[in-house]
Amino acid sequence: MTIAFPKPDEAVLARRGEIIEGLGRLVAAEALIVSEDERRAFETDGLTAYRQVPLAVVLPSTTQEVSAVLRFCHERGVKVVPRGAGTSLCGGAIPQQDAIVLGVAKMNRVLDVNFEGRTARVQAGITNLGISQAVAHEGFFYAPDPSSQLACTIAGNIAMNSGGAHCLKYGVTTNNLLGVTMVLLDGTVVEIGGEHLDSPGYDILGIVCGSEGQLGVVTEAVVRILRAAEGARPALMGFGSVEDAGACVAAIIGAGIIPVALEYMDKPAIQICEAFAHAGYPLDVEAMLIVEVEGSDQEIDDMLRRIVAIAEPFRPKTMKVSQSEAESAAIWKGRKSAFGATGRVADYICMDGTIPTGQLPFVLRRIDEIVKSYGLGVANVFHAGDGNLHPLVMFNTNVPGEMEKAEKAGEDILRLCVEVGGCLTGEHGVGIEKRDLMTCQFNATDLEQQMRVRGVFDPRWLLNPAKVFPLEGRLAA
Amino acid sequence: MTTHLPRDEQDACIVIRDAADKGTLLNVSGNGTKAPMGRPNQTDASISSAAMTGITLYEPTELVISARSGTPVLEVMRVLAAKGQELPFEPMDYRALLGTRGEPTIGAVAAMNISGPRRIMAGAARDSLIGVRFVNGRGEVVKSGGRVMKNVTGLDLVKLMAGSWGTLGLLTEVTFKVLPKPERMATLVIRGLDDRQAVEALSQALGSPFDVTGAAHVPDRDRRGGSTLIRVEGFSGSVDYRMNELRRLLKRFRFMDLLEGNGAEALWQSVRDATVLTGQGERAVWRVSTAPTKGPDFAAHVAQALDAQWFYDWGGGLLWISTPVEGDAGAAVLREATRTFGGHATLVRAPAEVRSAVDVFEPQAEALMTLTKGIKASFDPSGILNPGRMYAGI
Chain A
7 MTIAFPKPDE AVLARRGEII EGLGRLVAAE ALIVSEDERR AFETDGLTAY
57 RQVPLAVVLP STTQEVSAVL RFCHERGVKV VPRGAGTSLC GGAIPQQDAI
107 VLGVAKMNRV LDVNFEGRTA RVQAGITNLG ISQAVAHEGF FYAPDPSSQL
157 ACTIAGNIAM NSGGAHCLKY GVTTNNLLGV TMVLLDGTVV EIGGEHLDSP
207 GYDILGIVCG SEGQLGVVTE AVVRILRAAE GARPALMGFG SVEDAGACVA
257 AIIGAGIIPV ALEYMDKPAI QICEAFAHAG YPLDVEAMLI VEVEGSDQEI
307 DDMLRRIVAI AEPFRPKTMK VSQSEAESAA IWKGRKSAFG ATGRVADYIC
357 MDGTIPTGQL PFVLRRIDEI VKSYGLGVAN VFHAGDGNLH PLVMFNTNVP
407 GEMEKAEKAG EDILRLCVEV GGCLTGEHGV GIEKRDLMTC QFNATDLEQQ
457 MRVRGVFDPR WLLNPAKVFP LEGRLAA
Chain B
72 MTTHLPRDEQ DACIVIRDAA DKGTLLNVSG NGTKAPMGRP NQTDASISSA
122 AMTGITLYEP TELVISARSG TPVLEVMRVL AAKGQELPFE PMDYRALLGT
172 RGEPTIGAVA AMNISGPRRI MAGAARDSLI GVRFVNGRGE VVKSGGRVMK
222 NVTGLDLVKL MAGSWGTLGL LTEVTFKVLP KPERMATLVI RGLDDRQAVE
272 ALSQALGSPF DVTGAAHVPD RDRRGGSTLI RVEGFSGSVD YRMNELRRLL
322 KRFRFMDLLE GNGAEALWQS VRDATVLTGQ GERAVWRVST APTKGPDFAA
372 HVAQALDAQW FYDWGGGLLW ISTPVEGDAG AAVLREATRT FGGHATLVRA
422 PAEVRSAVDV FEPQAEALMT LTKGIKASFD PSGILNPGRM YAGI
């Protein structure tokens, strides 16, 4: 518990009754949550170690209501923490005591699907999977697929520029977003982008995507929808060393093959997942790759044959090419249950740095050393094609001091990612979790330029202000 | 007029800081091959990236390349091709359209977000641009993004720099995600379709699972037919398979040919560079980005009022339209069409006096213009970098 929240503004806390009364005039009674019990349901997100009960929670149903609420907060100087489904792993949606939570989850409808133009307009509270489900009957899908896709909203995906397991081929949110309706802090509603592929002036859509709820509140989005491939099948490969697995990844990409997914698991992760999912993972290997390719059956066979041949020089100890949907499901079952399975054997924090893939063996060795130096364990699962690591640092909450040790180990790992040429976060966002590490990756000038842009949208730091930028050295517009 | 040719970032900082102090307005450029684009602006001096050249990082197995901003695009492509890779977004070369000479720079590709036909599949330049270093209008070196392709750390200033036309900063180094060059490319050519039928065919192809990487339509002069182009790339066996499937899917459009080799490459280059429209004397050229299904209505609307020629890329969503240069070069008609059908239009080629008199870029809604002004001021408070190149006062 080492991350500080700014001290709440006593004057705002003292005006709570008046603020709630004002909000009550703007939205329907059921859209305003004031009782302590009900507010508590919003006190945290996916980073559950940190909790703050907000002043109130507002769940509007229309863009106009969002606009009225933001204008009210702007005029009264009340902080606003936007929220989708609250699945953020970096604390992006954790409230503040002197802030209201503005949730968009009630705005969850599909507004328009244009299959011919390959776009969908949706309300921002729809779940990520909800979009794919709404277009699946025509064989289409929405490509970014974060593991929380059943629950997470497109609003949150836009705020965090979320990725997923298939972004090597399909890109992340910013590459699949064409437009948004966004409400600025003063209540102004702006339309950015649309159904066309590029922007006329500055790429404001590009800066909004990944801005972690600090530039405005997105209420609608236009996303690209794609026709799904005819099929997809993975191969599972086990290696005797981390180096061999890393070299195999480089060789596949070097041969001009971009698999749709290329996932890595280390020995502890394999063991944890196998014990949970009985996926048939090899327990005698140091590292495992899941390589998935797409296309027709014939294309898949051809591509997997090439991949198997490329892997040969790296002496795979296990090679299982899926021949059926059942085998594919088994191979993926273990990987997809990695977080849940780890949660059964230990408490853990999930890190999210990205590294240049050539640094993989070195970084994994160092991660092991770092975690051991704190007396803890680690399981590594990650997206090998793009170098996005997810080390799960394991600890026991009931042992005093262990969680702090895990946090410290996590910080050391992220510093390492930056040192080798990578970054602090590949897809989860900065939130509060990595806020105080931003100075490892950026110097003061870099951060000031970001804060100056932020200041154009929110000069008084009312939108999600506890996040992203270190509390020291903040700039207004 | 002085032209500054900084050799490195520090040089560039000194020039820009001095200009900011003195209020010297700077023309920001690479090798100037796109100088006749944008709003003509009055500046006191020039700063060019031309002397900052060289590939600074290339890791083929990590799919990443970094280069100083003045590096010729040709050099970047050559280095990538030696390892069987390429820039995924197939950047357009504007020289033929604009009648300019010199080597386009990789910095300009980023600064103007220059993409080509493969944009529909692989994203635009801004989607592959993963890191930048630049000097802002304060004379400070700023970095954003990096060399890894998955990075959500902090505000994505990379996107703002892409397409800002040198008005926010002088790019000094750019880093792109790259992809393997496909083993084979094949193009299905359908003949005899009018614009609406063509976009229907393109939409059907793009809505198929067969990974179409190019979708263009070039109407004949008499507009009663044209060539509808559908491109597939990849490993040879896979290209065969997907081509057969596409032919089957589109069999109701009868007149189909398969085109490969140099002829096909030249064809896509003429689509990429919009040279399909050149050789038409001194006509103005507009670039329109709209929803693909609105493309034909947009063109028909313009053709009712103007003597226009056009073709489509991006499945119908990118329209290149040539119009007579007289008067406003068709600006009033084009703007009315964007209001009716959505999207935006940019006047890419026209005499300077026309580009001074009409909006070159699509006018934006008031709230977006306020944000645009704020963003400009946050990078360049003295307003010295390429002032007025995009919008008056920006």
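If you read the sequences in order, they're chains A and B.
First residue of the first sequence: 7, per this note's numbering; consecutive thereafter.
First residue of the second sequence: 72, per this note's numbering; consecutive thereafter.
Backbone N, C-alpha and C define an ideal beta-carbon position, used for all residues, glycine too.
Here the structure is a predicted model, which means the values were calculated and not measured.
7 angstroms Cβ cut-off: residues of chain A touching residue i
i      : result
B/V223 : M166, N167, G216, T431, G432, E433, G435
B/I85  : Those within 7 angstroms of B/I85 in chain A number zero; the least Cβ separation is about 16 angstroms.
B/Q435 : P206, G207
B/T361 : H202
Chain-ordered neighbours of residue i on chain A, where CB pairs are closer than 8 angstroms
i      : result
B/S453 : What B/S453 touches in chain A: nothing, since even the nearest Cβ is about 14 angstroms away.
B/A195 : L203, D204
B/L300 : Near B/L300 there are no residues of chain A at all, since even the closest Cβ is about 18 angstroms away, more than 8 angstroms.
B/V213 : T451, D452, Q455
Chain-ordered chain B contacts of residue i [CB-CB under 9 angstroms]
i      : result
A/M444 : T224, G225
Residues sharing a beta bridge with residue i, DSSP
i      : result
A/L268 : A/V297
B/R256 : Per the sequence shown, the amino acid found at residue 256 of chain B is Met instead of Arg. In DSSP, B/M256 forms a bridge with B/E304.
A/K326 : A/L242
B/S137 : B/L128, B/T246
B/K214 : B/R204
A/C356 : A/L398
B/S298 : B/R262, B/V289
B/V396 : Partner(s): none; B/V396 has no beta bridge.
Residue i burial status per 10 Å Cβ neighbour count (16 or more: buried)
i      : result
A/H389 : buried
B/R209 : buried
B/G398 : exposed
A/D452 : buried
B/M72  : exposed
B/F326 : exposed
B/P363 : buried
B/K221 : buried
A/S379 : exposed
A/P465 : exposed
B/T142 : buried
A/V33  : buried
B/R190 : buried
B/N98  : buried
Residue i: contacting residues in chain B (beta-carbon distance under 7 angstroms)
i      : result
A/R460 : L226
A/S302 : Y312
A/R124 : L277, G278
A/N134 : Within 7 angstroms Cβ-Cβ: nothing; A/N134 doesn't reach chain B, min ~16 angstroms.
A/G177 : G194, D198
A/E249 : Within chain B, no residue comes near A/E249; the closest Cβ sits about 14 angstroms away, beyond 7 angstroms.
A/A235 : P280
Beta-carbon separation (whole angstroms), residue i vs residue j, contact threshold 8 angstroms
i      : j      : result
B/V229 : B/G216 : 4 angstroms
A/R89  : A/A99  : 5 angstroms
A/A235 : B/P280 : 5 angstroms
A/F463 : A/G222 : 6 angstroms
B/L76  : B/A121 : 6 angstroms
Nearest neighbour of residue i, chosen from the options [CA to CA]
i      : options                        : result
A/V424 : A/L190, A/Q365, A/A352, A/F320 : A/Q365
B/T176 : B/Q81, B/V356, B/A83, B/I185   : B/I185
B/S137 : B/R189, B/D82, B/I201, B/L264  : B/I201
A/D213 : B/P251, B/G263, B/G225, B/T364 : The question names Asp, but residue 213 of chain A is Ile in the sequence shown. Here the closest residue by C-alpha is B/G225.
A/I355 : A/T324, A/K323, A/E408, A/A335 : A/E408
B/V431 : B/P422, B/A376, B/F450         : B/P422
B/A287 : B/A276, B/T443, B/I85          : B/A276
A/L430 : A/T324, A/G340, A/H396         : A/H396
A/T133 : A/A161, A/A149, A/R127, A/E197 : A/A161
A/M357 : A/F11, A/H80, A/L95, A/E42     : A/L95
A/V110 : A/E44, A/G219, A/D151          : A/G219
Partners in chain B for residue i, counting only beta-carbon separations shorter than 8 angstroms
i      : result
A/C173 : K221
A/G364 : E130, T132, E133
A/D392 : V219, M220, K221
A/N120 : A362, T364
Partner residues on chain A for residue i, Cβ-Cβ distance less than 9 angstroms
i      : result
B/L250 : G262, I264
B/M108 : The premise fails here: B/M108 is roughly 14 angstroms from chain A at the closest Cβ pair, so nothing lies under 9 angstroms.
Chain D contact residues for residue i, given Cβ-Cβ distances below 7 angstroms
i      : result
A/Q447 : No chain D is part of this structure, whose protein chains are labelled A and B.
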